[in-house]
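Visitor: Under the working numbering, the first residue of the sequence shown carries the number 82, and numbering increases by one thereafter. Backbone N, C-alpha and C define an ideal beta-carbon position, used for all residues, glycine too.
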Amino acid sequence: MLIAKVKEDMITAKKAGDKNKASLLTTLYAEAVKVGKDKENRDSTDQEVIGVIKKFLKGIDETLQALGNEGTAVEIFLAERNILNSYLPTQLNREELEDIIGALHRDGKNMGEIMKHLKENYVGLYDGKVASEIAKSLS
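1. Once the 5 residues before and after VAL204 are set aside, which same chain residues still bring their CB inside 7 Å of it?
2. Which residues mark the beginning and the end of the alpha helix (DSSP H) in which THR107 is found?
3. Among the residues of its own chain, which have a CB less than 7 Å from the CB of GLN146, if the five just before and after it don't count?
4. Could you tell me how far apart the beta carbons of LEU169 and ILE141 are, in whole angstroms, since I believe they sit closer than 8 Å?
5. Please identify the residue among LYS136, LYS200, LYS88 and GLU143 whose C-alpha is closest to the C-alpha of THR107.
6. Please confirm if the stretch 149-169 is in contact with the stretch 190-200, defined as three or more CB-CB distances below 8 Å between the two stretches.
7. Of all the alpha helix (DSSP H) runs that stay within the bounds of the stretch 120-169, which reach a length of 4 or more residues?
8. May I ask which residues mark the beginning and end of the alpha helix (DSSP H) holding THR93?
9. In the DSSP assignment, find the unbroken alpha helix (DSSP H) run with ASP180 in it and report its ends.
10. With respect to the alpha helix (DSSP H) encompassing GLY193, which residues constitute its N-terminal and C-terminal limits?
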């Protein structure tokens with residue numbers, strides 16, 4: 082499970098004295114564990130952990146946009162983004178998404194059916210905004 086990997090890496094970072102990584106992973110771990118506990122008092126699923134990671138990445142991207150490309154803080158946020166991205170599964174690129182969506186469209190699927198298929202079969206592997214744009218362009 083992804084949550085176990087985050088915990089293991091958190092402990093390793095603490096032992097190695099990597100304060101920035103340890104701090105980030107400690108916060109990530111706490112937030113990820115909370116999701117499962119809050120829902121059904123259970124362990125968080127990989128998809129829930131991925132959701133928390135994406136939320137963290139969105140916050141980092143918004144902060145970087147506000148900061149511009151200047152300062153030491155930018156380097157720290159970029160390093161954090163790299164750490165977080167390492168936990169995400171490899172994303173489908175635009176061309177792969179176009180191929181999948183195009184095939185579904187040729188099979189007579191409408192936009193809702195296409196998005197449902199992606200959500201069921203490619204969870205966490207694509208950017209929903211890009212997929213939606215592609216599906217709309219075919220309609």
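Guide: Walking through what the data contain:
1. GLN128
2. 100-121
3. none
4. Actually they do not touch by this definition, with Cβ atoms about 13 Å apart.
5. LYS88
6. no
7. 127-148 and 153-166
8. 83-97
9. 175-187
10. 192-202
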